[in-house]
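Q: Take 1 as the starting number for the sequence shown in UniProt numbering and just add one per residue. Ideal Cβ placement from N, Cα and C applies to all residues, glycine included.
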Amino acid sequence: MLPQKMKKAITDNPKQLANLIDLVNLPSTLRDFVGQSQISHLGCFKRVWSYIKTNNLQDPNNRNVVNCDEKLKSILLGKQQVELVDLPALIKLHFPKQKNTQYYGRHLLHIHVLKELLLKTYKRFSLIFVLWLEVRNGQEKT
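Below is the structure:
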């Protein structure tokens, strides 16, 4: 369960929320570990965390350190031990870079769609402005 402050911070920023829950195509190394071709960042982290817990890979002396087995090493850059703080960053390395996207209200739009939308709006505005100028100039002449 996330603390209330954390929930509010994530839900107030739609881009951050989308990065966590959007499905992404996985590379082969992570696909073999997770067992799916598509998964979200959050879903992948949950799978890795459950793997660590079920195989009892946390160091008994320091619970903030994970002792990696061969399967876990394959996705964590071959490291023998990883601190829990570094785990999300190491998992994130496997995800492809996000496309250039913008948020329009609550909807995720690709940049080219946003540009088209702005162009259409600009064209409408400029047409209305030109008509207004013609009407205004026509009124001034009479």
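Using only alpha-carbon positions, find the residue among Q36, L30 and R63 that is nearest to L76.
A: Taking the first residue of the sequence shown as position 1, residue 76 is located at position 76. Looking at the Cα atoms, L30 is the closest of the given residues.
Q: Use the C-beta contact count for H107: other C-beta atoms within 10 angstroms, 16 or more gives buried, fewer gives exposed.
A: To locate residue 107, count along the sequence shown from 1; it is residue 107. Since pLDDT at H107 reaches only 49, below the 50 mark, its modelled position is unreliable, and the value read off the structure follows with that caveat. Its Cβ having fewer than 16 others within 10 Å, H107 is exposed.
Q: Please state if the CB of V48 and the CB of L72 are separated by a distance shorter than 9 Å.
A: Here the question's residue 72 lines up with position 72 in the sequence shown. Here the question's residue 48 lines up with position 48 in the sequence shown. Yes; because the gap between Cβ atoms is below 9 Å, this pair is in contact.
Q: Would V65 and L84 be called neighbours here (beta carbons separated by less than 9 Å)?
A: The count along the sequence shown starts at 1 and reaches residue 65 at position 65. The count along the sequence shown starts at 1 and reaches residue 84 at position 84. Yes, these two residues count as a Cβ contact at 9 Å.
Q: Entirely within the UniProt domain "DM2" (19-97) and at least 3 residues each: give me those beta strand (DSSP E) ranges in chain order.
A: When DSSP assignments are scanned along the UniProt domain "DM2" (19-97), the uninterrupted stretches of beta strand (DSSP E) that are 3 or more residues long and fall wholly within it turn out to be 65-67 and 81-83.
Q: On a Cα-Cα basis, can you pick out the residue from S28, V82 and I91 that is closest to Q58?
A: Here residue 58 corresponds to residue number 58 of the sequence shown, with the count starting at 1. Nearest option by C-alpha distance: V82.
Q: Report the CB separation of K53 from C68 in whole angstroms; it is logged as a contact under 8 Å.
A: Here the question's residue 53 lines up with position 53 in the sequence shown. Here the question's residue 68 lines up with position 68 in the sequence shown. Not a contact, Cβ separation roughly 14 Å.
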